[in-house]
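Report on one structure; see the data block that follows.
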Amino acid sequence: MENPSLNMAGIAVSFAKHLKYDRLILKGVDFHRSNGKTHCRSSGYEVYDRFFFPEK
Numbered sequence: 064m065e066n067p068s069l070n071m072a073g074i075a076v077s078f079a080k081h082l083k084y085d086r087l088i089l090k091g092v093d094f095h096r097s098n099g100k101t102h103c104r105s106s107g108y109e110v111y112d113r114f115f116f117p118e119k
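Okay, so the sequence shown: first residue is 64 according to my numbering, each after it adds one.
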């Protein structure tokens, strides 16, 4: 399943596409990145792009 936005809203969109839903209503979310960070506002879920983390 694809999740290019790297957040929970992106997962919801992927599920909707997979289930062939015609419409999906999301409230209080966006798909914008800020300094490598993407988030679903007010959800407490955040993730940072992997390329910002050094390989170990």
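For glycine and all other residues, C-beta sits at the position ideal for the given N, C-alpha and C.
CA-to-CA, the gap between ALA72 and LEU82 works out to about 15 Å. Boundaries cannot be given for LYS83, as no alpha helix (DSSP H) includes it and DSSP labels it neither H nor E. It is roughly 8 Å from the alpha-carbon of ALA79 to the alpha-carbon of ARG86.
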